[in-house]
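These notes are about the structure you will find just below.
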Ligand SMILES: Nc1ncnc2c1ncn2[C@@H]1O[C@H](COP(=O)(O)OP(=O)(O)OP(=O)(O)O)[C@@H](O)[C@H]1O
Ligand SMILES: [Mg+2]
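And the structure:
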C-alpha cells in the first residue's frame, strides 16, 4: 500500500532556555493509505503538535515530511505550496467548532469542494452528507446541529476532495460513547472504502478495536507502535 | 460560492443597520457640499442675471455685494457717452427687514435700471417682467408671496408680477427686484415718527436764525407734510452696469479706469468678489467640516470592518486550515466593505432625495458631487478595510485546531 504521509525524525521545541518544551522528540512514522491509525498518549505528550506538523499547519523545527512520496517540508522550510496541498489532499476534523459558522451544513462541504477545484461541489456535498447520514440537515447552520451531526458534517467536509490523508484531533471529545464509537467507525469506513490514510488523536480507549494501528506518544516521542491487525486489502 | 454574502446573511439586520448609520453620516457630508454649492449658485444669480459686461462701483470699494458702494448717478450718463458702450444702467442693492403678517421678512432689494432692464434675464418661473416703472416687483418664490399679492414697503403697495426660484443672497435672504426709482423710494422712506421729529428739528433750527425770525411764514412751509426739502442731488446708486460691444470691452474698460470716482470690474471679477468676500469663509468652514466628517466616517468604517473581521477569526482560521486561497479570504472582507459602502451610499442617496428639499437652504447636488461621492465612499471603505485585511493575513490556521 502506498504511503500517504511519512515523517522522518521530526523535532519541535516550544520556547527557549530553561522553560523550553520539547513537544516532538525525533518522531518518525508512516501512515499508509487505507489505514486508520490512532494516536494515543497523555495530555501534553505532543499529539496535537504532531498533527499540526503532519497537516502542514505549523511545521516541525527539524526533520522531513514526505507527502505522497514527495518531500514537501524539510527542517521547517516548505518546499511546496502548503495551502494548496491542504485544500487538495488533506482533510481535517477536530474537537469542536469545526465548521464555518456562517455556512449551512451543505455549504460547509461545498466550499471545501470548491477550494479543491471540484466543479460539481453541490452535488458532491449532497452525496457526502448522504453517505454520512446527515442529508436531512443540509440546510442547517452548525449551531443548529447536535455534536454528532456536526462531526459527521465535518467528516463529510474532510472527504470533499478525496484526500489521501485525514487528520482528526480528538474528534469525539464532545460526544457520548455511543456516538463517539460511530464516528470512529465512520473513519474506519472512510479509510477502507476510499483508501484514505486516517490519523485520529483520541483519549477514548473503548473504541480502540476500530483502528488498524495504534501509536502511543509520551514526552514528544512515539513509545509504542502496535499493529492491531494486519492492514486490510486495498479498497481500490 | 460567495462567502461575503453568506456571512452577511447570518446577521442582515446588524449589517444593514450599520450601513444605514454610515449612510446618514455620509448624507451629512454630501449635504454640506450641496449646501455650499447651493450657496454659490444662489449668490451668483445676483451677478449672473444682470448680464453686465462691466460693473462700475464706488472707487476702491468691492461693492455692491461684499461692501456698500455709493456712486453718483451722473456716472450713468458719463458711461453712456463712452464710445463702444451700448447701454449703461443704474443698479442698487440694499438689505431691508420688514414685518409682514407678524413674521420677520428679510429682503435683498435690487433696483433694476428702468427702462433698459425690466428683469430681462431673470430666470422667472412664473409671471412676467416689470411693465411699469412703479409699483411692480419680481420676488423670489422663497419669500412665500404669490403672483398678484401685494407687499407694503415705504408706505406704498408693490404688486408681485413675477417669481424667480433660488435667487438668494449668500446670507440666504430672498431677493426682490424693483425699478431703481422704487428702490430709492423704499430706501429713503422715513417712518412718520422720524418725519415729525425731523420737521421739529428744522423748525427749531429755523427759529435760531435771522431768516426764521424775520419770516415766520417759513415755519408753515416746513411743517407742511407735503413739503420736501429740495434735494441737493439725486440719491446715489450702488453701481452702474455697462454693456459694451463685445470686441470693445477692453477699450471701454481702459477709459473708465481713468475716472477718479469709480472702480471697474468685469462680470467674473464681480462674481469672485461676491463669493470671495461673503462665501469664502463659509467655504473654509464647510471644507473643514467635510474633512472632519470624512475622517470620522473612515475611522468608524475601519472599526466596523475590523470588528466584523475579529468576530470571524475562528471561521477564517478554519477556512485557512482547509487551505482557502488567500484571495478568497481577503475578498470576503473587501466585498463586505464594498457592500457596506454601497448600502451606505444608497441610504445617503435616499436621504438626499427625501430630506434635502426640506432644508431651509438649497442643497445643490452638482454633477461633481454626484460623481465624487460614490467614488470617494468606495475609496474610503476600501482603505478602511486595511486593518481587517491585515488581521486576516495574520490569522494562524492552527487556531482552528484549538477549538
Ligand atoms: N503554542 C505553544 N507554545 C508553547 N508551548 C506549547 C504550545 N503548544 C503546545 N505546547 C506545549 O507542547 C507540549 C505538547 O503539546 P500538545 O498540544 O502537542 O499536547 P497534546 O498531546 O495534544 O495534549 P492534549 O492531550 O492535552 O491535547 C505541551 O507541553 C504543551 O504545553
Ligand atoms: Mg491536543
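Chains as they are written, first to last, in the working numbering: chain A, 1 to 236; chain B, 1001 to 1403.
Where a beta carbon is used, it is the ideal one built from N, C-alpha and C, also for glycine.
Keep in mind the model is a prediction, meaning the values are calculated, not measured.
Reference residue i, options the options, closest by Cα
i	options	result
residue 1234 of chain B	B:1271, B:1283, B:1262 and B:1184	B:1184
residue 1042 of chain B	B:1362, B:1310, B:1152 and B:1384	B:1362
residue 56 of chain A	A:141, A:80, A:227 and A:33	A:80
residue 1347 of chain B	B:1206, B:1268 and B:1018	B:1018
residue 1289 of chain B	B:1035, B:1015 and B:1021	B:1035
residue 1337 of chain B	B:1371, B:1378 and B:1094	B:1378
residue 1202 of chain B	B:1220, B:1115, B:1186 and B:1214	B:1220
residue 3 of chain A	A:226, A:165, A:206 and A:205	A:165
residue 1012 of chain B	A:96, A:64, A:102 and A:94	A:102
residue 69 of chain A	A:75, A:93, A:31 and A:105	A:31
residue 1371 of chain B	B:1014, B:1085 and B:1030	B:1030
residue 1099 of chain B	B:1151, B:1332 and B:1078	B:1151
residue 1046 of chain B	B:1146, B:1085, B:1173 and B:1097	B:1173
residue 1267 of chain B	B:1285, B:1049, B:1016 and B:1384	B:1049
residue 88 of chain A	B:1322, B:1368 and B:1395	B:1322
residue 1258 of chain B	B:1369, B:1078 and B:1149	B:1078
residue 92 of chain A	A:218, A:179, A:210 and A:153	A:153
residue 210 of chain A	A:11, A:120, A:192 and A:96	A:192
residue 1126 of chain B	B:1384, B:1216, B:1148 and B:1339	B:1148
residue 140 of chain A	A:107, A:162, A:116 and A:118	A:107
residue 1153 of chain B	B:1037, B:1187 and B:1367	B:1187
residue 1284 of chain B	B:1037, B:1057 and B:1339	B:1037
residue 1438 of chain B	B:1002, B:1022, B:1056 and B:1010	Beyond the ends of chain B as shown, which are 1001 and 1403, falls residue 1438 of chain B; an answer cannot be given.
residue 1170 of chain B	B:1369, B:1291, B:1066 and B:1351	B:1066
Run of the beta strand (DSSP E) containing residue i, from where it starts to where it stops
i	result
residue 1097 of chain B	1085 to 1100
residue 215 of chain A	213 to 218
residue 1011 of chain B	Run containing residue 1011 of chain B: none; DSSP gives neither H nor E here.
residue 165 of chain A	165 to 169
residue 1352 of chain B	That residue, residue 1352 of chain B, is in no beta strand (DSSP E); its alpha helix (DSSP H) goes 1326 to 1355.
residue 12 of chain A	3 to 14
residue 1266 of chain B	1262 to 1266
residue 66 of chain A	62 to 67
residue 22 of chain A	21 to 32
residue 94 of chain A	90 to 94
residue 1292 of chain B	No beta strand (DSSP E) holds residue 1292 of chain B; the alpha helix (DSSP H) holding it covers 1280 to 1310.
residue 1164 of chain B	1156 to 1164
residue 1127 of chain B	1124 to 1127
residue 1242 of chain B	1239 to 1244
residue 74 of chain A	70 to 74
Range of the contiguous alpha helix (DSSP H) that encloses residue i
i	result
residue 1106 of chain B	Taken as a continuous stretch (DSSP letters only), residue 1106 of chain B belongs to no alpha helix (DSSP H), being part of the beta strand (DSSP E) at 1103 to 1112.
residue 1393 of chain B	1386 to 1394
residue 187 of chain A	177 to 194
residue 52 of chain A	47 to 54
residue 1149 of chain B	Segment: none, residue 1149 of chain B is in no alpha helix (DSSP H) and carries neither H nor E.
residue 1140 of chain B	Per DSSP, residue 1140 of chain B belongs to no alpha helix (DSSP H); it is in the beta strand (DSSP E), 1136 to 1140.
residue 1187 of chain B	1180 to 1187
residue 1320 of chain B	1313 to 1321
residue 1167 of chain B	Careful: residue 1167 of chain B lies outside any alpha helix (DSSP H) and carries neither H nor E.
residue 1400 of chain B	1398 to 1402
residue 1211 of chain B	1210 to 1214
Integer Cβ distance of residue i from residue j, believed to fall under 8 Å
i	j	result
residue 1255 of chain B	residue 1082 of chain B	5 Å
residue 1089 of chain B	residue 1240 of chain B	7 Å
residue 1306 of chain B	residue 1026 of chain B	Wrong, their Cβ atoms sit about 19 Å apart, outside the cutoff.
residue 5 of chain A	residue 54 of chain A	6 Å
residue 160 of chain A	residue 112 of chain A	4 Å
residue 36 of chain A	residue 188 of chain A	5 Å
residue 1075 of chain B	residue 1262 of chain B	6 Å
residue 156 of chain A	residue 199 of chain A	Not quite, the Cβ-Cβ distance comes to about 18 Å (not below 8 Å), so this is no contact.
residue 179 of chain A	residue 148 of chain A	4 Å
residue 1112 of chain B	residue 1130 of chain B	7 Å
residue 1097 of chain B	residue 1104 of chain B	6 Å
residue 104 of chain A	residue 138 of chain A	7 Å
Proximal residues of chain C, C-beta to C-beta of residue i below 8 Å
i	result
residue 52 of chain A	Structure shown: chain C not included; protein chains present are A and B.
Any non-hydrogen atom of ligand 3 closer than 7 Å to residue i Cβ
i	result
residue 180 of chain A	In the structure shown, ligand 3 is absent; the only ligands present are ligand 1 and ligand 2.
**Item:** Contact shell at 7 Å, judged by CB to any heavy atom of ligand 2, ordered along the chain
**Value:** A:47, A:48, A:169, A:170 and A:201
**Message:** For the region 18 to 32 of chain A against the region 44 to 55 of chain A, do three or more pairs of beta-carbon atoms, one drawn from each stretch, fall closer than 8 Å, so that the two count as touching?
**Reply:** yes
**Request:** Mind the definition here: the region 1157 to 1177 of chain B touches the region 1135 to 1146 of chain B only if three or more C-beta pairs lie below 8 Å; say whether that holds.
**Result:** yes
**Request:** Could you tell me whether the region 59 to 67 of chain A touches the region 1294 to 1302 of chain B, using the rule of 3 or more Cβ pairs below 8 Å?
**Result:** no
**Request:** Check whether the region 1351 to 1360 of chain B touches the region 1270 to 1282 of chain B, taking contact to mean three or more Cβ pairs, one atom from each stretch, closer than 8 Å.
**Result:** no
**Message:** Check whether the region 1057 to 1076 of chain B and the region 1381 to 1400 of chain B touch, using three or more Cβ-Cβ pairs below 8 Å as the test.
**Reply:** no
**Asked** With contact counted as at least three CB pairs below 8 Å, one residue from each stretch, are the region 1307 to 1316 of chain B and the region 1392 to 1400 of chain B in contact?
**Response** yes
**Request:** Assess, as a yes-or-no matter, whether the region 1127 to 1135 of chain B is touched by the region 1002 to 1009 of chain B under the definition of 3 or more beta carbon pairs within less than 8 Å.
**Result:** Touching, no.
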